[in-house]
Amino acid sequence: MKIVLEPIGIIRTPFKKAKDAPRQAAEALMYTAVAEIFPPYREALEGLDSFPWVVLIYFLHRTGGRGDLKGVFSTRSPHRPNPLGVAVVELLEVKEDSIRFRGVDMLDGTPLLDIKPYYPTLV
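Note that my numbering has the sequence shown beginning at 932, numbered continuously upward.
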């Protein structure tokens, strides 16, 4: 089976190197970033501004290899069979072509795969 994912946008952050980025988005509420949404997906932002928090799903494009997979499912390591990042972030602003959010652990240029509204009752 082959799975192909198309990024819906790109995340712009102040972090160029992994060593400079926070380890978890929940620990990084002092940082803000912008997700630039590609033209075919901009209409999908409609209604998103009614949610104070959203879930971002993104591709960890600079993990540098898989590393040791033993026990990886019990960690938050970026070195995984499928290096996907998931973060619950505070939504600060929705524009026609971007969103601004707080809670940044992504590197600049990270491909954004999806945005979902966050419902605390689903946890």
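Cβ atoms here follow ideal geometry from the backbone N, Cα and C, with glycine treated the same way.
Measure the Cβ-Cβ separation of residue i and residue j and say whether it is below 8 Å.
i: residue 1021; j: residue 1034; result: yes
i: residue 969; j: residue 940; result: yes
i: residue 1037; j: residue 963; result: no
i: residue 1014; j: residue 991; result: yes
Report, in whole angstroms, the separation of the C-beta atoms of residue i and residue j, which I expect to be a contact under 8 Å.
i: residue 1043; j: residue 942; result: 5 Å
Only counting the same chain, and skipping five residues up and downstream in sequence, which positions put a Cβ closer than 6 Å to that of residue i?
i: residue 1049; result: 984, 985, 986 and 1019
i: residue 936; result: 1044
i: residue 965; result: 943, 1029 and 1031
Can you list, in chain order, the residues of its chain whose CB lies under 8 Å from that of residue i, leaving out five sequence neighbours each side?
i: residue 979; result: 985, 1022, 1025, 1030, 1046 and 1048
i: residue 915; result: No answer is possible for residue 915: the residues shown for the chain start at 932 and end at 1054.
i: residue 1027; result: 973 and 976
i: residue 938; result: 969, 990, 1042, 1043 and 1044
i: residue 988; result: 1015, 1016, 1017, 1043, 1044, 1045, 1046 and 1047
i: residue 948; result: 1038
i: residue 932; result: none
By Cβ distance below 7 Å, which residues in the same chain neighbour residue i in space, the five residues on each side in sequence not counted?
i: residue 967; result: 940, 941, 943, 1028 and 1029
i: residue 1051; result: none
What beta strand (DSSP E) runs, 3 residues minimum, are completely inside the region 935-986? Qualifying beta strand (DSSP E) stretches, in chain order: 940-943 and 963-968.
Complete beta strand (DSSP E) runs within the region 1011-1039 (minimum length 3 residues, chain order): List check, beta strand (DSSP E) in window: 1015-1025 and 1029-1033.
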